[in-house]
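Asker:
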Amino acid sequence: MKKTVFFGTLTVAGLAAGIAAAGTLDDVKARGKLNCGVTTGLVGFAAPDANGVWNGFDVGVCRAVAAAVLGDSNAVEFVPTTGKTRFTALASGEIDMLARNTTWTFSRDVDLKFDFVGVNYYDGQGFLVPKELGVSSAKDLDGATVCIQTGTTTELNLADFFRSNNISYEPVPIETNAEGQQQYLAGACDAYTTDASGLAATRAAFENPADHVVLPEIISKEPLGPLVRHGDNEWGDVVRWTLNALISAEELGVTSANIGDMSAAAGDNPEINRLLGTEGNLGEMLGLDAGWAMNAIAVGGNYGELFEKNIGENTPIGLARGLNAQWTNGGLLYSPPFR
Amino acid sequence: MADVSFVRTEMLPERAPPATAVGIIGWMRANLFSSALNSILTLIALAFVLLVLGSLVPWLLSPTWNAVSLTECRSILHDLGREGHLGGACWGVIRDRWVQLMFGFYPSSEYWRPVVTFFMLALALAPILFAEHTPKKLIWFTAIFPFLMPWLLWGGTVWSPLGALVGFIIAYFVYKAVAAAMSEALAMIAGLVAAIIWWMLLMGPIAGALSSIMPFGFEPVQSRNFGGFLLSITIGVVAIGFSLPIGIVLALGRQSDLPLVKYICVGFIEFIRGVPLITLLFVASTLLNIFLPPGTNFDIILRVIIMATLFSSAYMAETIRGGLAALPTGQYEGADSLGLNYWQSQRLIIMPQALKISIPGIVGNFIGLFKDTTLVSIIGLLDPIGLSTAIRADTAWNGVVWELYGFIAFMFFVFCFSMSRYSMYLERKLKTGH
Amino acid sequence: MTTLTDPPTESFRLSMLIYDTRYRSITFQIIALIGFLTLIGWLVNNTAQNLSDLGKEPSFRFMTEPAGYDINQRLIDYTSQSTHLRAAFVGLLNTLLVAVMGCALATIIGVVVGVLRLSKNWIVAKIMTIYVEMFRNVPVLLWIVLAMAIMIETLPSPREFKGDEPTASMILGDTVAITNRGIYTPEPLFSRSLGDVHLFGQSSLNFNISIDLLVLLAVLIGGIYVSRQIKHRADKIQETTGERPTTWYLRLGVVAVPIIIVLVALGFHLGYPELKGFNFKGGTHMRNSLIALWLALSLYTASFIAEVVRGGILAISHGQTEAAGALGLRPGKIMNLVVLPQALRIIIPPLISQYLNLTKNSSLAIAVGYMDITGTLGGITLNQTGRELETLLLLMLTYLIISLSISLVMNWYNERVKLVER
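Chains as they are written, first to last, in our numbering: chain A, 3 to 341; chain B, -19 to 414; chain C, 52 to 473.
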């Protein structure tokens, strides 16, 4: 019996082991599923519900890419990754893309050999403190105990910030957001620091969100975006332009409500026509079918709709658009043209 | 002359023992208040028990079973005038998520498959664990089960496990044929080679062809959909199953007269036992793909199973070595005197006895490994502890702590406690057997 | 002269490699060696191939670059500008700290529980059984996160000590503060300190040892040595004259008096913790992560040690005690001279392997954010540098060295107390 277990399961292992070929796009099409790395759980960005269905802002990007490539927004396997495992998961080909609030930095792009395809959320590191502490600036935090999530750029930013301001602090490293929240609420740390969006999401889940404030200082730039492996430019283009399609759709006024009408026949606006595939052959250039962008946008709507549905002002998280508004509204979102 | 007797001729009637020596009072005097020190100890212990129960029971009895979010729990408890940490548990989260804690993201229409698998596992283990009480024929089911289990859990076509099984049959017949003609050692090698040729070259195409002609199988389930206790049990059972043959080989290697073989085995065992499991899991999550040929890509759960297997095979080897050492030397000498060669005596005399003695130790290994599967939460897999984090990331259950940990701890306790009781029963049985 | 019994001269045939037992072992070993080397070569080859595909060169140079992150608990000097190597060293010391503390506490609890489980008092024995079964059968990781959650949720935060009507207060005459950030206790200070010795100069592994501590240790050891001499003398007098001189005050004096003199000379005083700003300042701070990890590991391991101790005591047959009694030994002597030496022979080997388990389990510190070597070298350093191969190699090597040292001690002990079989 003993040997049989060994070889019996070896066969299964052999069946499940995929062979990664050169082109990720072909792989994904052959597999019929997109493997998308997400966080293990961050309110508003990615979390599974009771039925195991993942929802959130980052999840929306994964679903849009799956819809663009495979025509089915549910053809996604969500792979939960931690700060430690996310890069190896991507580098080893276990996941095809990573959409896990990951900061675009020089060393990750150049040294770790990844391609950031764009920015889906402009963020910055902030501090969350209880109002009763009476702190109005991060520079007043001398001697405070600060909770940080490890495995991110946050701990380096934090060390730099306190060193450059010549004030002391006590770092409390924590593994997950849920733990950080627990420690912060119980008063085991005076301040909780992570990306401002994460802080807002965390604060939103509190019993009394009004008792806590996010300090005005934003101590770092955190452009968060999806990334893919270095060197596979076709696949990088697919993810990049799917993201751009979502952003452009908002700029051009294409929403999940009117996309059916707009894509039925070519309209007056040539850029919309090119985007939705009623004119030109952009999809073919990407190696996808003509309706790729339409599929992507139809899943959860354009960038603005995704934002509003998952993290916007009408959700418990209540983030304002801020830097993430369209460039026409004073934000930083600026998609290159579709032509 | 009167018949005078100075000795009593009949017994006095028995008297009841004093009230203080029997019944509850007597028992209490003997067991609780036998001395001043003991009385003090008893009182302290009683106070402790009352304190714990007094704060725990009201917390456990909390009418929040139907709540759909933590806020609702809080408002239910608030209406009852119970506030704070010990106000009451929020059981709604367990009602809402217990299925997920059990099965993870396994497709809900297929839940019967793991359930059937684990019932069959119990059936397959019965001939080994309760040898006297089970019909002998059941051992054939045990032999088939290792092929059945992956097929049921992971799904896919039925021809792959059948193909794997055929490999063993081929190996057996080649072994028989060669052993009749030449030496036993050569026969083993020949059998192995024949089986490997079948698995590597012939099985894939044949199974593929058969499944296209007769597509019979279950819907395949990706192993990343495994989660919760299903994941823990799968990792534990598969790793222990795999590690048993490896452990036997390592244990024999460690006792071998061949110095080179011995040192390789000792080196492997001591290395694995010298490092914490978490570092091996880090290897699984970040390095294992680097060690394999470019392009190979196991998913993370299979990588974890591989590392867990290596981990437990080192411990298994030590357990089996203990079993081998516990056999009286007479058994070895007896086998030698019958003129059996090394492999024959191992197969017919030594191993059956050594493995039987080792069963309690193997059960102990399994309990240890089963508990250690919780470590996979650190590398981001959604085992019960990992899932508890994911559940707390849901806005409805943000802030729930004790109920989830308590439920998980309770489940682990039930599993491990019953297994450890079984292994103790077995130990007692083996002891009287001699 | 030739006889018929002369063995025939053998000519070597190739088939003897398989059929002749003298050569067969060599054949097998060569096959095993070739197989083993092929496996190693295959792994190394794959690794090299994959790494060059990823464009990474294995190199340990990153260890001398600035780490860039802060560590809260450090037994030696460390800033975010120190090297990764130094961060690993800080982590290693933290690992050793919690391992030593854990082993000590686990032994104490384990021995007490093991003895109490054999108690005649029913309720005490039952409580101990419940404790043992409860801790043994639930994963240690769960105990660690639970211990942390209990510390955080139930203890007061420093904020609650503040204000005009604080909801929490310090205990033991305002000297000890128990908060959910840890426990603050008074620290020993020397106003006429002798300074530190600096070891290893400017390298990454440099550290300081307080001369005050060394002096105190030296005085203590000297005192104990003299005290033992006094005991030997008393023993001799007792053997020759039959009367034992009273020496306890002398023996106590030679240990205590020099220590007190040295303490006064060094200007010993206590520094008390005080609430300043956000936190307590001054005093010794035992962080909640350390306490949670320490308690959880100790309680978990103690449940195993309790079983070991119980088994050891039960294994000594009653006849041993009775025989010792028949020789006229008093109960204390029976315990010291007959039961304990035999029970220890059974208890110590599994006890040491429990110590080994505790040390390895301390790597779960990462779950509560205690910065042990897994948290620094295998955690933040790995994340920040992306050097998985190098950091994990170093990490495993470190644990391997710790484990092997513990095993060596165990083997040495086993060798010493081995029963000589007849």
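Glycine included, each C-beta is placed from N, C-alpha and C at the ideal position.
1. Strictly under 8 angstroms for the Cβ-Cβ distance: is B:L31 near chain A by that measure?
2. So which of A:Q185, A:Q151 and A:N159 has the shortest CA-CA distance to C:T205?
3. Exposed or buried, which one is C:I311 when buried takes at least 16 other CB atoms within 10 Å?
4. Specify, as a first and last residue, the run of the beta strand (DSSP E) that A:A146 falls within.
5. According to the neighbour-count rule (16 or more other Cβ atoms, all chains shown, within 10 Å of its Cβ), is C:G119 buried or exposed?
6. Assign B:F180 to one of two classes, buried (16 or more other C-beta atoms within 10 Å of its C-beta) or exposed (fewer than that).
7. Give a yes or no on whether the C-beta atoms belonging to B:G247 and A:T42 are separated by under 8 angstroms.
8. With 8 angstroms as the limit, tell me which residues of the segment 416 to 439 of chain C have their beta carbon closer than that to any beta carbon of chain A; keep them in chain order.
9. Straight-line CA distance for B:M161 to B:G171?
10. Under 8 angstroms between beta-carbons, which chain B residues line up against C:I403? List them in chain order, please.
11. Please give the ranges of any beta strand (DSSP E) in the segment 186 to 219 of chain A, keeping only runs that are unbroken, at least 3 residues long and fully inside the region.
12. With a cut-off of 8 angstroms, does the C-beta of B:S265 fall near any C-beta of chain A?
13. Just verifying my parser: in three-state terms, what is the DSSP assignment at B:W78?
14. Start and end of the beta strand (DSSP E) containing C:K332?
15. Considering only their Cβ atoms, is the gap separating A:G39 from A:R110 smaller than 8 angstroms?
16. With B:T369 and B:S212 assumed to form a contact (beta carbons below 8 angstroms), what rounded beta-carbon distance in angstroms separates them?
17. What does the alpha-carbon distance come out to for the pair B:A159 and B:N321?
18. Which bits of chain A does B:V420 rub up against, with CB to CB less than 7 angstroms?
19. Could you confirm whether any beta carbon from chain B is found closer than 8 angstroms to the beta carbon of A:G54?
20. Thinking just about the alpha-carbon of each residue, which of C:Q405, C:R396 and C:R137 is nearest to the one in C:I364?
21. Kindly give me the distance between the Cβ atoms of A:L226 and A:A298, rounded to whole angstroms, as I take these residues to be in contact under 8 angstroms.
22. Where are the beta strand (DSSP E) runs, 3 residues long or more, that stay fully inside the segment 215 to 253 of chain B, in chain order?
23. For a cutoff of 8 angstroms on Cβ pairs, would you count B:A373 as touching chain A?
24. Let's test the definition: count the other Cβ atoms within 10 Å of the Cβ of A:A198 and tell me whether it reaches 16, buried, or not, exposed.
25. Applying the 10 Å Cβ sphere with the 16-neighbour rule, what's the burial state of C:K411?
26. Which residues in chain C have a C-beta closer than 8 angstroms to the C-beta of A:F89? List them in chain order.
27. Give the straight-line distance between the Cα atoms of C:R21 and C:Q371, rounded to the nearest whole angstrom.
28. Who are the Cβ neighbours of A:G332 in its own chain at under 6 angstroms, not counting the five residues just before and after it?
29. Whole angstroms are fine: how far does the CA of A:G120 sit from the CA of C:L250?
30. Between A:G160 and A:V148, is the Cβ-Cβ spacing less than 8 angstroms?
31. Relative to chain B, which residues along the segment 185 to 196 of chain C have a C-beta separation below 9 angstroms, given in chain order?
32. Is there at least one Cβ from chain B nearer than 8 angstroms to C:I174's Cβ?
33. 8 angstroms is my cut-off, CB to CB: does C:N462 come that close to chain E?
34. Residue ranges of each alpha helix (DSSP H) run of no fewer than 4 residues wholly in the segment 284 to 360 of chain B, ordered along the chain?
35. At what residue ranges does the segment -13 to 45 of chain B contain a whole run of the alpha helix (DSSP H), taking only runs of 4 or more?
36. How many angstroms separate the CA atom of A:G95 from the CA atom of B:N277?
Answerer: Let me spell this out:
1. As a working mapping, residue 31 of chain B is identified with position 51 in the second sequence. Answer no: the Cβ-Cβ gap between B:L31 and chain A never drops below 8 angstroms.
2. Here residue 205 of chain C refers to the residue found at position 154 when the third sequence is read from its first residue. Among A:Q185, A:Q151 and A:N159, the Cα nearest to that of C:T205 belongs to A:Q185.
3. The sequence position of residue 311 of chain C within the third sequence is 260, counting from 1. By the neighbour-count rule (16 or more Cβ atoms within 10 Å), C:I311 is not buried but exposed.
4. What you label residue 146 of chain A is simply residue 144 of the first sequence in a count that begins at 1. It spans A146 to Q151 - the beta strand (DSSP E) in which A:A146 sits, taken as one unbroken run.
5. Residue numbering aside, residue 119 of chain C sits at position 68 when the third sequence is read from its first letter. Looking at its Cβ environment, which holds 16 or more other Cβ atoms inside 10 Å, C:G119 is buried.
6. Residue mapping note: residue 180 of chain B aligns to position 200 of the second sequence, counting from 1. The amino acid at residue 180 of chain B is misidentified as Phe; the sequence shows Met. It counts as exposed.
7. Walking along the second sequence from the start, residue 247 of chain B turns up at place 267. Walking along the first sequence from the start, residue 42 of chain A turns up at place 40. Cβ distance not < 8 angstroms, so B:G247 and A:T42 don't count as in contact.
8. I417, A418, G420, M422, G426, G430, I431, L433, N434, Q435, G437 and E439
9. Stepping through the second sequence from its first residue, residue 161 of chain B is reached at position 181. Stepping through the second sequence from its first residue, residue 171 of chain B is reached at position 191. Before going further, note that residue 161 of chain B is Ala rather than Met in the sequence given. Each residue's Cα considered, the two are about 13 angstroms apart.
10. Position 352 of the third sequence, counted from the start, is the residue given in the question as residue 403 of chain C. Within 8 angstroms Cβ-Cβ: nothing; C:I403 doesn't reach chain B, min ~13 angstroms.
11. 193 to 197 and 214 to 216
12. Walking along the second sequence from the start, residue 265 of chain B turns up at place 285. It does; some Cβ of chain A falls within 8 angstroms.
13. Here residue 78 of chain B refers to the residue found at position 98 when the second sequence is read from its first residue. Helix at B:W78.
14. Here residue 332 of chain C is taken as the residue at index 281 of the third sequence, counted from 1. Note, C:K332: beta strand (DSSP E), N330 to K332.
15. Residue mapping note: residue 110 of chain A aligns to position 108 of the first sequence, counting from 1. Residue mapping note: residue 39 of chain A aligns to position 37 of the first sequence, counting from 1. For A:R110 and A:G39, no; Cβs fall outside 8 angstroms.
16. By 1-based counting over the second sequence, the position of residue 369 of chain B is 389. By 1-based counting over the second sequence, the position of residue 212 of chain B is 232. So it is not a contact: roughly 15 angstroms between Cβ atoms.
17. Within the second sequence, residue 159 of chain B is the residue found at index 179, counting from 1. Within the second sequence, residue 321 of chain B is the residue found at index 341, counting from 1. Those two C-alpha atoms are separated by around 13 angstroms.
18. Residue 420 of chain B falls outside the range modelled here, since chain B spans only -19 to 414, and no answer is possible.
19. Counting from 1 along the first sequence, the entry for residue 54 of chain A is found at position 52. Yes, because at least one Cβ of chain B sits closer than 8 angstroms to the Cβ of A:G54.
20. Stepping through the third sequence from its first residue, residue 364 of chain C is reached at position 313. When only C-alpha atoms are compared, the closest one is C:R396.
21. If you number the first sequence from 1, residue 226 of chain A lands on position 224. If you number the first sequence from 1, residue 298 of chain A lands on position 296. The Cβ separation is near 19 angstroms, so there is no contact.
22. none
23. By 1-based counting over the second sequence, the position of residue 373 of chain B is 393. Taking Cβ atoms only, chain A reaches closer than 8 angstroms to B:A373, which makes this a yes.
24. Looking up residue 198 of chain A in the first sequence gives position 196. Buried.
25. Looking up residue 411 of chain C in the third sequence gives position 360. With 16 or more Cβ atoms within 10 Å of its Cβ, C:K411 is classed as buried.
26. Taking the first residue of the first sequence as position 1, residue 89 of chain A is located at position 87. Under the 8 angstroms cutoff, chain C gives G437.
27. The structure shown does not extend to residue 21 of chain C, since chain C is modelled only from 52 through 473, so no value can be given for it.
28. For the purposes of this step, residue 332 of chain A is taken as the residue at position 330 of the first sequence. The answer is none, since no qualifying residue turns up.
29. Position 199 of the third sequence, counted from the start, is the residue given in the question as residue 250 of chain C. Position 118 of the first sequence, counted from the start, is the residue given in the question as residue 120 of chain A. Taking the straight line joining both Cα atoms gives about 50 angstroms.
30. Working through the first sequence from its first residue, we reach residue 160 of chain A at position 158. Working through the first sequence from its first residue, we reach residue 148 of chain A at position 146. Residue identity differs from the one stated: residue 160 of chain A is Leu in this sequence, not Gly. Cβ distance < 8 angstroms, so A:L160 and A:V148 count as in contact.
31. M185, R187, N188, V189, P190, V191, L192, L193, W194 and V196
32. To locate residue 174 of chain C, count along the third sequence from 1; it is residue 123. Taking Cβ atoms only, chain B reaches closer than 8 angstroms to C:I174, which makes this a yes.
33. Any reference to chain E falls outside this structure, whose protein chains are A, B and C.
34. 309 to 317, 322 to 325 and 331 to 352
35. 3 to 11 and 16 to 40
36. For the purposes of this step, residue 95 of chain A is taken as residue 93 along the first sequence, with counting starting at 1. For the purposes of this step, residue 277 of chain B is taken as residue 297 along the second sequence, with counting starting at 1. Straight-line Cα distance between these residues: approximately 7 angstroms.
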